[in-house]
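Here the sequence shown is numbered in our numbering, starting from 17 and rising by one per residue.
Where a beta carbon is used, it is the ideal one built from N, C-alpha and C, also for glycine.
Please read these numbers as outputs of a predicted model, since none were measured by experiment.
Heads up: the structure comes next, in structure tokens.
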Amino acid sequence: MYTSIKVKDNTKRKLDTLQSKFTLQTGRKISLQNLLDTISDFALQHEKEIIKKLPALKDDPAWSKAIDWGEETDASKVDEYLYN
């Protein structure tokens, strides 16, 4: 079973470069799918090193303190506004 993932253009260029380097060094072609499979396997084998390089969620602006816009809100109406 396959699924699609979205990557930034810069990430796609990096993957294409890695794919090309693999072909040049080995004389064999590798599909992008197989390349990503290999990268994910490698990442799992080196999990601690990968985790150290990833930013913590607390650094994500989405987790910053909410800003009061000065509007009165009613939490009981959220579903009504979202789904109606």
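**Which of helix, strand or coil DSSP assigns to residue 92** = Counting from one through the sequence shown, the residue named residue 92 turns up at place 76. In the structure shown, residue 92 sits in a helix (DSSP, three-state: H, G or I).
**Request:** With residue 55 as the anchor, note down where its alpha helix (DSSP H) starts and where it stops.
**Result:** Taking the sequence shown and counting its residues from 1, one reaches residue 55 at position 39. Taken as a continuous stretch (DSSP letters only), the alpha helix (DSSP H) holding residue 55 covers 48 to 61.
**Request:** Assess, as a yes-or-no matter, whether the segment 75 to 82 is touched by the segment 52 to 64 under the definition of 3 or more beta carbon pairs within less than 8 Å.
**Result:** no
**Prompt:** For residue 48, which residues from the same chain have a beta carbon less than 7 Å from its beta carbon, with the 5 sequence-adjacent residues on both sides left out?
**Reply:** As a working note, residue 48 is residue 32 in the sequence shown. Excluding sequence neighbours, residue 48 sits near 31 and 35.
**Asked** If you check the beta carbons only, do residue 66 and residue 72 fall under 9 Å apart?
**Response** Within the sequence shown, the letter at position 50 stands for residue 66. Within the sequence shown, the letter at position 56 stands for residue 72. Result no, Cβ atoms of residue 66 and residue 72 do not sit closer than 9 Å.
**Request:** Please go through the same chain and pick out, in chain order, the residues whose beta-carbon is closer than 7 Å to the beta-carbon of residue 90, but skip the five residues on each side of it.
**Result:** As a position in the sequence shown, residue 90 is number 74, starting the count at 1. Closer than 7 Å at the Cβ level, and outside the excluded window around residue 90, lies no residue.
**Inter-residue Cα distance where the pair is residue 95 and residue 69** = Numbered from 1 along the sequence shown, position 79 holds the residue referred to as residue 95. Numbered from 1 along the sequence shown, position 53 holds the residue referred to as residue 69. Cα to Cα, residue 95 sits roughly 38 Å from residue 69.
**Request:** Please report the residue range of the alpha helix (DSSP H) in which residue 31 lies.
**Result:** Numbered from its first residue, the sequence shown carries residue 31 at position 15. Segment 25 to 42, the alpha helix (DSSP H) holding residue 31.
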